[in-house]
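Chains as they are written, first to last, in our numbering: chain A, 2 to 113; chain B, 2 to 115. We treat Cβ as the ideally placed atom computed from N, Cα and C, and that holds for glycine. See below for the structure under consideration.
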């Protein structure tokens, strides 16, 4: 069975500090990977997607970056956090185009 | 760009009553997107409730149904008799090809009174 793990579960960070969020998928080979973000009271927005190792496409510009260093790992990061980065970050995977996406448990980020 | 509009919550329904959560969509990059309903139960992660990839077809799961109507660009979620355990946040979403992007509605919070 496939499992998706996100870390950390929650994070409280200062404005201007760096951030790194992680996502790991086990039990699936060569999945498509995605990062989503939801501001409090807002809509889930796709930020990045990756079809293969080393390749990441940006969907929305939020002064964030993403990388896929391994087939099963997806990293979201920034060198300088903004207040507007607060929210809920979800990682997801799918097998193929237009297939349903399966979501991780999420990371709650609070920027103060 | 693509957009999804759904019933604004919170919605409160008494147990055993019927439910409909409206969802309409606008897809600019693909004529017939895939349509999904996702659900987040309290304390749990976002999970797929049902999907329909063919216009005119109906999807069903856990007593919920939704029909892909391309004429009205709608994908309303219905249940004949809700239970307290159905209390959750429901998200309508469409999937389009470029970037395998899911576009979500704002979510509808459902509270079922016992």
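Identity of the residues DSSP links to residue i by a beta bridge
| i | result |
| --- | --- |
| residue 91 (chain B) | B:40 and B:109 |
| residue 69 (chain B) | None, per the DSSP bridge assignment. |
| residue 5 (chain A) | A:26 |
| residue 51 (chain B) | B:38 |
| residue 89 (chain A) | A:39 and A:109 |
| residue 76 (chain A) | A:23 and A:68 |
Whether residue i touches residue j by CB criterion (8 Å)
| i | j | result |
| --- | --- | --- |
| residue 69 (chain B) | residue 78 (chain B) | no |
| residue 93 (chain A) | residue 107 (chain A) | no |
| residue 32 (chain B) | residue 3 (chain B) | no |
| residue 85 (chain A) | residue 101 (chain B) | no |
| residue 96 (chain B) | residue 23 (chain B) | no |
| residue 39 (chain A) | residue 48 (chain A) | no |
| residue 42 (chain B) | residue 74 (chain B) | no |
| residue 109 (chain B) | residue 94 (chain B) | no |
| residue 22 (chain A) | residue 77 (chain A) | yes |
For residue j and residue i, the rounded distance between their alpha carbons
| i | j | result |
| --- | --- | --- |
| residue 111 (chain A) | residue 60 (chain B) | 37 Å |
| residue 15 (chain B) | residue 83 (chain A) | 42 Å |
| residue 113 (chain A) | residue 51 (chain B) | 38 Å |
| residue 81 (chain A) | residue 58 (chain B) | 47 Å |
| residue 39 (chain B) | residue 85 (chain B) | 18 Å |
| residue 81 (chain B) | residue 37 (chain B) | 19 Å |
| residue 4 (chain A) | residue 57 (chain A) | 21 Å |
| residue 13 (chain B) | residue 114 (chain B) | 7 Å |
| residue 10 (chain B) | residue 63 (chain A) | 27 Å |
| residue 72 (chain B) | residue 8 (chain A) | 43 Å |
| residue 97 (chain A) | residue 54 (chain A) | 15 Å |
| residue 20 (chain A) | residue 56 (chain B) | 42 Å |
Taking beta-carbon pairs under 9 Å, can you tell me which members of the stretch 77-104 of chain A lie near chain B?
Those residues of the stretch 77-104 of chain A that come within reach of chain B (Cβ to Cβ, closer than 9 Å) are 91, 93, 95, 97, 98, 99, 100, 101, 102, 103 and 104.
* Asked: Taking contact to mean at least 3 C-beta pairs separated by less than 8 Å, is the stretch 14-30 of chain A in contact with the stretch 13-28 of chain B?
  -> Three or more Cβ pairs closer than 8 Å define a contact, and the stretch 14-30 of chain A falls short of that threshold against the stretch 13-28 of chain B.
### Message
Three Cβ pairs or more, each shorter than 8 Å: is that satisfied between the stretch 69-86 of chain A and the stretch 33-49 of chain A?
### Response
A contact exists between the stretch 69-86 of chain A and the stretch 33-49 of chain A.
- Query: Using a beta-carbon distance cut-off of less than 7 Å, what residues from the stretch 29-46 of chain A approach chain B?
  - Reply: For chain B, the residues of the stretch 29-46 of chain A that bring a beta carbon within less than 7 Å of one of its beta carbons are 33, 44 and 45, in chain order.
Residues of the stretch 11-31 of chain A with Cβ closer than 9 Å to any Cβ of chain B, in chain order: Within the stretch 11-31 of chain A, no residue has its Cβ closer than 9 Å to any Cβ of chain B.
Taking any Cβ of chain A, which residues in the stretch 77-108 of chain B have a Cβ under 9 Å from it, in chain order? Hits within the stretch, in order: 92, 94, 96, 97, 98, 100, 101, 102, 103, 104, 105, 106, 107 and 108.
Anything in the stretch 44-76 of chain B with a Cβ closer than 9 Å to a Cβ of chain A? List those residues in chain order, please. Taking 9 Å as the upper bound on Cβ-Cβ separation, chain A lies near residues 45, 46, 47, 48, 49, 52 and 54 of the stretch 44-76 of chain B.
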